[in-house]
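Undergrad: One structure coming up, written as C-alpha cells, with questions to follow.
Put into C-alpha cells, the structure is as follows:
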C-alpha cells in the first residue's frame, strides 16, 4: 500500500498536483467472509469505513443500504 501511495504522489507531482497525506483517506473494500484485522491508519493516511462523494454515500461493504437510509433521513 505504501508503494501504491508513493506512485500516486510521484505521478501527481508530474501534473503539478500535491497530495497531503494527513488529509488523504483510504477505504478498503471488504469481501464476503473477510476476517482481516481492523486497520485505522496506512502510511499516515486515515482508513475510513465510508465517505460521501458527489453527494452519494460509499461504504466499504459495497452495499447501498446505508445510502438509502441516509437519503430517507434527509427527506
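In my numbering, the protein residues as written are 11 to 85. Using N, Cα and C, we set each Cβ at its ideal position, and we do this for glycine too.
Note down, one range per segment and in chain order, each alpha helix (DSSP H) of at least 4 residues found wholly within the region 16-80.
TA: Listed in chain order, nothing qualifies, since the region 16-80 has no complete alpha helix (DSSP H) run of 4 or more residues.
Undergrad: Can you give the beta carbon distance from residue 11 to residue 52, rounded, assuming they're within the 8 angstroms contact cut?
TA: Right, the Cβ-Cβ distance comes to about 5 angstroms (below 8 angstroms), so this counts as a contact.
Undergrad: Distance, Cα to Cα, residue 60 vs residue 84?
TA: In a straight line, the C-alpha of residue 60 is about 17 angstroms away from that of residue 84.
Undergrad: Using a Cβ-Cβ cutoff of less than 8 angstroms, which residues in the same chain neighbour residue 22 once the five nearest sequence positions on both sides are dropped?
TA: 28 and 29.
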